[in-house]
Amino acid sequence: MNRRRRVYEGKAKILYEGPEPGTLVQHFKDDATAFNNKKHDRIEGKGVLNNRISEFLFQKLGDIGVPTHFIKRLNMREQLIREVEIIPLEVVVRNVAAGSLATRLGLEEGTVLPRSIVEFYYKNDQLGDPLVTEEHITAFSWSNPQEIDDIMSLVLRINDFLSGLFLGVGIRLVDFKCEFGRLWENDQMRIVLADEISPDCCRLWDVETKNKLDKDRFRRDMGGLVEAYQEVARRLGLHVDNPTRVRSGPVLVRSK
Ligand code: UDP
Numbered sequence: 000m001n002r003r004r005r006v007y008e009g010k011a012k013i014l015y016e017g018p019e020p021g022t023l024v025q026h027f028k029d030d031a032t033a034f035n036n037k038k039h040d041r042i043e044g045k046g047v048l049n050n051r052i053s054e055f056l057f058q059k060l061g062d063i064g065v066p067t068h069f070i071k072r073l074n075m076r077e078q079l080i081r082e083v084e085i086i087p088l089e090v091v092v093r094n095v096a097a098g099s100l101a102t103r104l105g106l107e108e109g110t111v112l113p114r115s116i117v118e119f120y121y122k123n124d125q126l127g128d129p130l131v132t133e134e135h136i137t138a139f140s141w142s143n144p145q146e147i148d149d150i151m152s153l154v155l156r157i158n159d160f161l162s163g164l165f166l167g168v169g170i171r172l173v174d175f176k177c178e179f180g181r182l183w184e185n186d187q188m189r190i191v192l193a194d195e196i197s198p199d200c201c202r203l204w205d206v207e208t209k210n211k212l213d214k215d216r217f218r219r220d221m222g223g224l225v226e227a228y229q230e231v232a233r234r235l236g237l238h239v240d241n242p243t244r245v246r247s248g249p250v251l252v253r254s255k
């Protein structure tokens with residue numbers, strides 16, 4: 000089926016060569032991984048939901064002037080994106096203590112932080128994506144102070160906007176991870192939001208019940224992941240009918 004050239008395959012996505020130079024096709028798989036790949040499963044329908052939710056959030060962010068790699072959604076599992084040079088950092092923004100921050104600093108999960116906290120992790124699976132500081136980032140030339148300034152101001156705008164968007168539908172944006180890339184247009188380079196923003200890389204809690212609507216359901220063996228992602232999509236006003244029925248392979252057509 001896929002005769003396109005595969006440029007990169009990650010844990011949850013595949014990148015194919017796009018139709019025009021400088022473009023790629025980002026394909027969302029159903030694979031779920033956690034704890035640096037030690038836990039792995041296929042959750043039917045997850046890729047379809049992430050594609051749709053990420054499309055929606057990138058479009059909304061584009062509308063407020065956040066530059067992104069997103070061009071358009073192509074089908075239920077794929078979107079057309081601009082090819083960028085990914086900066087090897089996972090940028091995490093936290094509003095409420097959870098996950099590794101709660102563990103590292105001995106905070107009770109759910110504690111509201113005195114202000115939003117931005118953290119950088121070096122993208123390296125072999126090392127388990129270690130937490131790094133600006134000193135490491137600049138010393139090893141993963142990025143430079145100008146780019147870090149751009150990333151900081153973008154990520155705080157993204158956090159404010161998404162926090163408000165989710166709060167409007169009864170969801171608390173506890174934390175999220177995003178990635179940035181360098182996009183060249185002629186001789187000009189700018190930093191753009193890349194990768195995806197979906198319940199796979201956010202913590203989303205129902206405001207009333209504190210119910211988890213994100214990948215922690217997989218990490219913590221709680222079940223109901225697709226139903227939770229579907230609930231996020233539904234509250235955002237997105238209609239994703241039967242995400243588990245949409246496969247990437249050929250569809251059998253019965254003759255009457
Ligand atoms: N996150 C992610 N990919 C990673 C690590 C973290 O998308 O490789 C997201 C995660 O879903 C959460 C936020 O970043 O929304 C902060 O994650 P944390 O550092 O607490 O790590 P975890 O507890 O997930 O190991």
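Start counting the sequence shown at 0; every next residue gets the next number (numbering that gives the first Met the number 0).
The beta-carbon is built from N, C-alpha and C at its ideal position, and this holds for glycine as well.
- prompt: Can you list, in chain order, the residues of its chain whose CB lies under 8 Å from that of residue 58, leaving out five sequence neighbours each side?
  reply: 69.
- request: Mark residue 15 as exposed unless 16 or more other C-beta atoms lie within 10 angstroms of its C-beta, in which case mark it buried.
  value: Buried, because 16 or more other Cβ atoms sit within 10 Å of the Cβ of residue 15.
query: Taking just the CA atoms, how far does residue 228 sit from residue 255?
result: For residue 255, the predicted structure reports a pLDDT of 45, less than 50, and the residue's modelled location is therefore unreliable. A value from the coordinates is still provided. Residue 255 and residue 228: Cα-Cα distance of roughly 36 Å.
field: Where the beta strand (DSSP E) containing residue 86 begins and where it ends
entry: For residue 86, no beta strand (DSSP E) segment is defined, and its DSSP state is neither H nor E.
- prompt: Which runs of the alpha helix (DSSP H), 4 residues or longer, sit entirely within the stretch 67-140?
  reply: Counting only runs of 4 or more, we get 98-104 and 133-138.
task: Over the uninterrupted beta strand (DSSP E) stretch that includes residue 166, give me the two end residues.
output: Residue 166: not part of any beta strand (DSSP E); member of the alpha helix (DSSP H) spanning 144-166, first to last residue.
- request: Answer yes if the stretch 87-98 comes into contact with the stretch 116-127, meaning at least three C-beta pairs across the two stretches below 8 Å, and no otherwise.
  value: Yes, they touch.
message: Is there a C-beta anywhere in chain B that falls below 8 Å from the one on residue 218?
response: The chain labelled as chain B is not found in the depicted structure, where only one protein chain is given.
field: Opposing strand residues paired with residue 42 [DSSP bridges]
entry: Paired residues: none, contrary to the question.
task: Could you check the C-alpha separation between residue 56 and residue 168 for me, to the nearest Å?
output: Answer to the nearest angstrom: the Cα atoms are 14 Å apart.
message: Can you look up residue 243 in the DSSP assignment and give me helix, strand or coil?
response: Of the three classes helix, strand and coil, the one that applies to residue 243 here is helix, per DSSP.
field: residue 148 to residue 157 span [Cα, whole Å]
entry: If I take the Cα positions, the gap works out to 14 Å.
task: Starting from residue 202, follow its DSSP beta bridges and name the residues at the other end.
output: According to DSSP, which records beta bridges pairwise, residue 202 is partnered with 174.
- request: List the residues that DSSP assigns as beta-bridge partners of residue 25.
  value: For residue 25, which the question treats as bridged, DSSP gives the partners 14 and 78.
Assigned secondary structure, residue 179 (DSSP; H/G/I helix, E/B strand, else coil): In this structure, DSSP gives residue 179 an extended state, which the three-state scheme calls strand.
- prompt: Under the three-state reduction of DSSP, which class applies to residue 8: helix, strand or coil?
  reply: The answer is strand: DSSP assigns residue 8 an E or B state.
query: By the 10 Å Cβ neighbour count, where 16 or more other Cβ atoms means buried, how is residue 139 classified, buried or exposed?
result: Counting the other CB atoms within 10 Å of its CB gives residue 139 a total below 16, which places it among the exposed residues.
Burial state of residue 49 (16 or more Cβ within 10 Å): With 16 or more other Cβ atoms from the protein chains shown falling within 10 Å of its own Cβ, residue 49 counts as buried.
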